[in-house]
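Input: a single structure, listed below in structure tokens.
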Amino acid sequence: MSEFLVDADTLATARFATSELTETVSALKLLLRPVEPWFRAWKDIHRPAFEERLAAEPVWAALLDSAFGRSWTADFLTSLPLDPDARLADELDALLALDDEEIRADLRVVRSQLPAILESESALAARAAELLTWVWTHTVEPDWPRRKRMLQADIVSRTSRLSEQGWSGVLRGLGPDVQWLGDGRIQVNRWDYPVTDVRGRSLMFIATHTQRVSVSWRLPDRFALTYPVTGIFAGTTVLAEPLVELLGRNRARILTAATDPISTTALVAATGLSLSTVSEHLHVLTAAGLLERRRSGRSVLYWQSDTGQRVTQAPPAKTADG
Numbered sequence: 001m002s003e004f005l006v007d008a009d010t011l012a013t014a015r016f017a018t019s020e021l022t023e024t025v026s027a028l029k030l031l032l033r034p035v036e037p038w039f040r041a042w043k044d045i046h047r048p049a050f051e052e053r054l055a056a057e058p059v060w061a062a063l064l065d066s067a068f069g070r071s072w073t074a075d076f077l078t079s080l081p082l083d084p085d086a087r088l089a090d091e092l093d094a095l096l097a098l099d100d101e102e103i104r105a106d107l108r109v110v111r112s113q114l115p116a117i118l119e120s121e122s123a124l125a126a127r128a129a130e131l132l133t134w135v136w137t138h139t140v141e142p143d144w145p146r147r148k149r150m151l152q153a154d155i156v157s158r159t160s161r162l163s164e165q166g167w168s169g170v171l172r173g174l175g176p177d178v179q180w181l182g183d184g185r186i187q188v189n190r191w192d193y194p195v196t197d198v199r200g201r202s203l204m205f206i207a208t209h210t211q212r213v214s215v216s217w218r219l220p221d222r223f224a225l226t227y228p229v230t231g232i233f234a235g236t237t238v239l240a241e242p243l244v245e246l247l248g249r250n251r252a253r254i255l256t257a258a259t260d261p262i263s264t265t266a267l268v269a270a271t272g273l274s275l276s277t278v279s280e281h282l283h284v285l286t287a288a289g290l291l292e293r294r295r296s297g298r299s300v301l302y303w304q305s306d307t308g309q310r311v312t313q314a315p316p317a318k319t320a321d322g
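Following the UniProt record's numbering, the numbering of the sequence shown begins with 1 at its first residue and continues without gaps.
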């Protein structure tokens with residue numbers, strides 16, 4: 001397993017953030033890889049235009065084929081933002097400063113033998129920036145305000161736990177393999193890589209719409225853990241009609257979205273309902289015993305009770321013999 005070694009100074013200055021570049025690279029991964037069910041509707045919308053564009057841009061296709069490995073992504077795609085809430089144009093400056101050999105060196109970490117087009121092509125950084133800008137413009141930017149609200153709601157929920165639960169509480173739920181081990185050690189994944197010494201350096205936690213945790217850095221002194229937020233995709237689950245008939249569509253949406261602890265603000269962003277409407281439905285669902293609630297700092301988190309979980313589980317399909 002891989003670990004970050006941290007000290008008090010690292011944790012005192014650690015920050016949660018969003019990043020337009022990270023969100024764009026996360027979208028790329030969703031377009032390229034098999035996805036969980038809740039991502040499929042989004043992927044089905046954007047994949048055809050993406051494939052058509054790659055067919056017309058062989059350099060883009062070659063870059064993507066070489067940049068993503070099973071446990072590694074080329075460093076030029078994972079450069080860290082200098083500030084929280086960084087804008088894509090600013091983040092691309094670091095990429096555009098790289099020369100062709102630096103891009104090829106990053107790619108060879110993932111794929112030792114590069115396709116001929118990448119060996120002969122020039123201005124690779126500019127071509128990569130064009131690719132990222134296209135993905136941002138066509139698949140992320142139109143929905144970025146809502147995406148960002150969801151990411152920020154998750155950040156508020158996590159940071160509010162710090163005073164009550166410490167870093168173990170903050171890290172809990174970032175990913176199945178992320179946990180506070182004690183003695184200044186954070187397990188970040190189960191890949192067999194050496195311990196990364198982050199003591200006295202900058203550490204950032206970047207929320208993004210993705211499927212799994214990843215690690216990135218800007219050497220020598222900036223490191224990050226990028227973690228998944230279901231966010232805007234939480235509301236794409238198809239609601240069972242009996243549940244809608246029982247509770248009404250909006251209450252069913254809220255109950256279904258609360259599979260994991262979620263704040264009122266995040267539910268507003270996920271459902272598009274007003275704050276007063278969400279609050280009213282939360283009160284009813286909690287009073288009915290379908291939701292649990294707990295204050296976490298300045299936020300109140302809601303999640304399905306055991307009864308709520310049973311109610312939202314779809315009944316088994318009937319067989320021909322009844």
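Every residue gets a Cβ at the ideal spot worked out from N, C-alpha and C, and that includes glycine.
query                                                                                                                                                                                     : result
Please report the Cβ distance between residue 204 and residue 40, rounded to the nearest whole angstrom; I am assuming they are in contact, meaning their Cβ atoms lie under 8 angstroms. : The Cβ separation is near 30 angstroms, so there is no contact.
I'd like to know whether the C-beta atoms of residue 215 and residue 150 end up nearer to each other than 8 angstroms.                                                                    : no
Going straight from the alpha carbon of residue 34 to that of residue 27, what length do you get?                                                                                         : 12 angstroms
Is residue 52 helix, strand or coil by DSSP?                                                                                                                                              : helix
Given a threshold of 16 other Cβ atoms within 10 Å of its Cβ, counted over all protein chains shown, does residue 181 qualify as buried or as exposed?                                    : exposed
Would you mind reading off the limits of the beta strand (DSSP E) that contains residue 304?                                                                                              : 299-304
Residue 299 and residue 157: beta carbons closer than 8 angstroms?                                                                                                                        : yes
Once you ignore the five residues that flank residue 168 on each side, which residues in its own chain have a CB closer than 6 angstroms to its CB?                                       : 180
Identify the residues that DSSP records as bridge partners of residue 226: which are they?                                                                                                : 206, 214
Helix, strand or coil, according to DSSP, for residue 178 in the structure here?                                                                                                          : coil
With H, G and I counted as helix, E and B as strand and the rest as coil, what does DSSP make of residue 86?                                                                              : strand
If we call anything under 8 angstroms between Cβ atoms a contact, is residue 291 one with residue 269?                                                                                    : no
Going by DSSP, what residues sit across from residue 91 in a beta bridge?                                                                                                                 : According to DSSP, which records beta bridges pairwise, residue 91 is partnered with nothing at all.
Would you say the segment 98-116 touches the segment 188-198, given that touching needs at least three Cβ pairs under 8 angstroms?                                                        : no
Three Cβ pairs or more, each shorter than 8 angstroms: is that satisfied between the segment 86-104 and the segment 43-50?                                                                : no
How would you label residue 45, buried or exposed, when you count the other beta carbons within 10 angstroms and need 16 or more for buried?                                              : exposed
Which of helix, strand or coil does DSSP assign to residue 188?                                                                                                                           : strand
Grouping DSSP H, G and I as helix and E and B as strand, with all else coil, what is residue 99?                                                                                          : coil
Looking only at its own chain, which residues have a Cβ that is under 8 angstroms from the Cβ of residue 199, when we skip the five neighbours before and after it?                       : 5, 6, 7, 9, 10, 184
Unbroken alpha helix (DSSP H) runs of length 4 or more, entirely within the segment 112-172: which are they?                                                                              : 116-120, 124-135, 144-159, 162-171
Does residue 77 come out as helix, strand or coil in the three-state DSSP assignment?                                                                                                     : helix
When we look at the beta-carbon of residue 135 and count the other beta-carbons within 10 Å, is it buried (16 or more) or exposed?                                                        : buried
For residue 286 and residue 97, I'd like the C-alpha separation in whole angstroms.                                                                                                       : 53 angstroms
In whole angstroms, give me the CA-to-CA distance for residue 283 and residue 161.                                                                                                        : 22 angstroms
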